[in-house]
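Q: Quick note: the sequence shown uses our numbering, first residue 254, plus one each step. One structure is given below, represented as structure tokens, and several questions about it will come after.
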Amino acid sequence: MKAATKYIHAGMTPDPSTGAIMIPIYQTSTYVQEAPAVNKGYEYARSQNPTRKALEDAYAVIENAQYALAFGSGVAATDAVIKLLSPGDEVICGNDMYGGSYRLFTKVFEKFGIKFIYVDTTNVNNISNAVSDKTRLFWIETPTNPLMNITDIAAVAAIAKPKNILLAVDNTFASPALQNPLDLGADIVMHSATKYLGGHSDVIQGALMMNDKDLQEKLYFIQKSCGAVPGPMDCFLVLRGIKTLGIRMKAHCENGKTIATWLRNHPKVSKVYWPGFEDHPGYAVAKAQMKDFGGMISFELKNDSVDEAKRVLSSTHLFSLAESLGGVESLINHPASMTHASIPREERIKNGLSDSLIRLSVGIEDAGDLVEDLQKAIG
Ligand SMILES: *Cc1c(COP(=O)(O)O)cnc(C)c1O
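Structure representation (structure tokens):
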């Protein structure tokens, strides 16, 4: 079955009690039992909910996975993965990643004795060199947020497999329409479903997809024991979002290409970060492991003062100044003061994230209107 069809039918079976084509929002906390421990497979809604189940089935389908679990947010999904580990274990992660993941690792989990080692994963030798006999997990983001760095997922899987190290990939920026890490050898895919999966900026949610039954059981145990589950209404919204994932991503990619190319030719722009440029250092890998290059773009102005960046950030009208990404509407963001403010400035600068970097989440509006909006703002 082709992806466009899968996105529409994933997880959808008519509701057994009425035949409703859309799974109902099962807004319930518990389920009546016929006799003690005699039930229909549903006992308590932290453990099971039919709307969530339909979404988890859909999550598995869209990432070519055997299993999937839904969480109350992307960081809750990440949190569940790290809870597979024990004190003394080591994680190797990318040095350019979502600020909230960095905050979770350094501020929450380090104090429980888990060690996080940050390397430039665009060169996979840096990962091999950091491996020790305590390494249990590689945490990779590609393309990265916000610098659009590309890591070769299959090459990282080749390092992980023989050493029995788990490979988890944050696939939020690509979405399952552009990249399927499990097919490339990853063990776990993580999504902030808040972004492209939901697609309409109206829900916070996270997802994990995996093929290994043992891993599924461990992560389900964490999901139910720690309780970071999404509510049924949010599950319904993401299910609805997934139906249009294919067509939305096509539009995001087309608009992304138009805007990245236009920005690059703009006399006031010094640098554009977008993996679809042939001279992007990760282009060959991106072309091989992604179906298209997406609608996330970062850029810097020739006048690289923070004031000038802030002026542009405050001057757009169609691009709304906001954190987040992946919705149908275009957003503009200042990573240094917004999404990535939780990373210390010296770390940011060391990793190439300047104070004047501007990030765009290109929506699916008319590309000409978006260009005009940016033209007026940049001047
Ligand atoms: C937003 C985001 C997250 C966190 O997801 P939430 O749903 O906000 O908790 C993780 N990774 C990436 C790449 C993100 O963009």
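The beta carbon of each residue, even a glycine, is placed where N, CA and C say it ideally should be.
State yes or no: is the C-beta of Ser428 within less than 9 Å of the C-beta of Ser577?
A: Start at 1 with the first residue of the sequence shown, and residue 428 comes out as number 175. Start at 1 with the first residue of the sequence shown, and residue 577 comes out as number 324. Their beta carbons are not under 9 Å apart, which means Ser428 does not touch Ser577 by this criterion.
Q: Please report the distance separating the alpha-carbon of Met462 from that of Glu625.
A: Position 209 of the sequence shown, counted from the first residue, corresponds to residue 462. Position 372 of the sequence shown, counted from the first residue, corresponds to residue 625. Looking at the two C-alpha atoms, the distance is approximately 39 Å.
Q: Using only CA atoms, which one of Gly605, Pro267, Ala329, Gln319 lies nearest to Val482?
A: The residue you call residue 482 lines up with position 229 of the sequence shown. It is Ala329.
Q: Assign Gln628 to buried or exposed, taking buried as 16 or more other Cβ atoms, counted over all protein chains shown, within 10 Å of its Cβ.
A: Position 375 of the sequence shown, counted from the first residue, corresponds to residue 628. Exposed, by the Cβ-count rule.
Q: Since Ala333 contacts Phe324 with CB under 8 Å, what's their CB separation in whole angstroms?
A: One-based indexing of the sequence shown puts residue 333 at position 80. One-based indexing of the sequence shown puts residue 324 at position 71. Indeed, because the Cβ distance is near 6 Å, the residues count as touching under 8 Å.
Q: Applying the 10 Å Cβ sphere with the 16-neighbour rule, what's the burial state of Lys510?
A: Here residue 510 is taken as the residue at index 257 of the sequence shown, counted from 1. The residue in question, Lys510, is buried, as its Cβ has 16 or more Cβ neighbours within 10 Å.
Q: Assign Met543 to buried or exposed, taking buried as 16 or more other Cβ atoms, counted over all protein chains shown, within 10 Å of its Cβ.
A: If you number the sequence shown from 1, residue 543 lands on position 290. By the 10 Å Cβ count, Met543 comes out buried.
Q: Taking Ile441 as the reference, which of Glu316, Ser381, Pro597 has the closest Cα?
A: The count along the sequence shown starts at 1 and reaches residue 441 at position 188. If we check each option's Cα against that of Ile441, Glu316 comes out closest.
Q: Pairs of beta-carbons, one from the segment 340 to 347 and one from the segment 382 to 398, closer than 8 Å: are there three or more?
A: Yes, they touch.
Q: Please return the same chain residues whose Cβ sits closer than 8 Å to the Cβ of Ser282, not counting the five positions on each side in sequence.
A: Counted from its first residue, the sequence shown places residue 282 at position 29. Correct list, in chain order: Tyr297, Ala298.
Q: Where do the N-terminal and C-terminal ends of the alpha helix (DSSP H) with Asp622 fall, by residue?
A: On the sequence shown, position 369 is the one that residue 622 refers to. Unbroken alpha helix (DSSP H) run through Asp622: 620 to 631.
Q: Please state whether DSSP places Arg299 in a helix, a strand or coil.
A: Here the question's residue 299 lines up with position 46 in the sequence shown. Arg299 falls in the coil class under three-state DSSP.
Q: Taking 7 Å as the limit between beta carbons, can you name the residues of its chain near Phe362, skipping five residues before and five after?
A: For the purposes of this step, residue 362 is taken as the residue at position 109 of the sequence shown. These residues qualify, in order along the chain: Ile335.
Q: Only counting runs of 3 or more residues, tell me where the beta strand (DSSP E) segments fall wholly within the segment 370 to 447, in order along the chain.
A: Runs found: 388 to 394, 419 to 423, 441 to 445.
Q: Alpha carbon to alpha carbon, how far is Gly632 from Thr404? Give it in angstroms, no decimals.
A: Start at 1 with the first residue of the sequence shown, and residue 404 comes out as number 151. Start at 1 with the first residue of the sequence shown, and residue 632 comes out as number 379. Their backbone Cα atoms lie some 35 Å apart in a straight line.
Q: Hey, is the segment 606 to 623 in contact with the segment 544 to 551, meaning 3+ C-beta pairs nearer than 8 Å?
A: As far as the Cβ criterion goes, the segment 606 to 623 touches the segment 544 to 551, which means the pair count is three or higher.
Q: Can you tell me which of the three DSSP states Glu195 falls into?
A: Any answer about residue 195 is impossible in this case: the structure gives the chain only from 254 up to 632.
Q: Whole angstroms are fine: how far does the CA of Ala383 sit from the CA of Gly341?
A: The residue labelled residue 341 in the question sits at position 88 within the sequence shown. The residue labelled residue 383 in the question sits at position 130 within the sequence shown. Their backbone Cα atoms lie some 15 Å apart in a straight line.
Q: Mind reading off the beta-carbon distance from Phe552 to Leu516? Whole number of angstroms is fine, and I expect it under 8 Å.
A: Residue numbering aside, residue 552 sits at position 299 when the sequence shown is read from its first letter. Residue numbering aside, residue 516 sits at position 263 when the sequence shown is read from its first letter. Indeed, because the Cβ distance is near 5 Å, the residues count as touching under 8 Å.
Q: Out of Leu322, Val314, Asn292, which one is the CA nearest neighbour of Arg305?
A: Residue numbering aside, residue 305 sits at position 52 when the sequence shown is read from its first letter. Nearest of Leu322, Val314, Asn292 to Arg305, Cα basis: Leu322.
Q: What residue ranges within the segment 544 to 586 form continuous beta strand (DSSP E) runs of no fewer than 3 residues, ordered along the chain?
A: Counting whole runs of 3 or more residues, the segment 544 to 586 contains the beta strand (DSSP E) stretches 549 to 554, 584 to 586.
Q: CB-CB under 6 Å to Ile634, same chain, minus the five flanking residues each way: which ones, in chain order?
A: The first residue shown for the chain is 254 and the last is 632, placing residue 634 beyond what the model contains.
Q: Would DSSP call Gly294 helix, strand or coil?
A: For the purposes of this step, residue 294 is taken as the residue at position 41 of the sequence shown. Coil.
Q: Express the C-alpha separation of Leu357 and Leu472 in angstroms, rounding to a whole number.
A: Sequence index remark: in the sequence shown, residue 472 carries index 219 (1-based). Sequence index remark: in the sequence shown, residue 357 carries index 104 (1-based). Cα to Cα, the separation comes out at about 18 Å.
Q: I believe Leu437 touches Ala410 by the beta-carbon criterion, under 8 Å. Please report the beta-carbon distance rounded to the nearest angstrom.
A: In the sequence shown, residue 437 corresponds to position 184, counting from 1. In the sequence shown, residue 410 corresponds to position 157, counting from 1. Yes, Leu437 and Ala410 are in contact; Cβ-Cβ is about 6 Å, under 8 Å.
Q: What are the start and end residues of each continuous beta strand (DSSP E) run of 3 or more residues lying completely inside the segment 318 to 375, in chain order?
A: Those beta strand (DSSP E) runs which fall completely within the segment 318 to 375 and span 3+ residues are 320 to 324, 343 to 347, 368 to 372.
Q: Flag Ala446 as yes when its Cβ comes closer than 8 Å to any non-hydrogen atom of ligand 1, and as no otherwise.
A: One-based indexing of the sequence shown puts residue 446 at position 193. Yes - ligand 1 has a heavy atom lying nearer than 8 Å to the Cβ of Ala446.
Q: Do Thr359 and Pro534 come within 9 Å of each other at the CB atom, strictly closer than that value?
A: Taking the sequence shown and counting its residues from 1, the one referred to as residue 534 is at position 281. Taking the sequence shown and counting its residues from 1, the one referred to as residue 359 is at position 106. No; because the gap between Cβ atoms is not below 9 Å, this pair is not in contact.
Q: Determine the extent of the beta strand (DSSP E) in which Lys503 is found, giving its start and end residues.
A: Residue numbering aside, residue 503 sits at position 250 when the sequence shown is read from its first letter. Here Lys503 belongs to no beta strand (DSSP E); instead the alpha helix (DSSP H) covers 498 to 517.
Q: How would you label Ile274, buried or exposed, when you count the other beta carbons within 10 angstroms and need 16 or more for buried?
A: As a position in the sequence shown, residue 274 is number 21, starting the count at 1. It counts as exposed.
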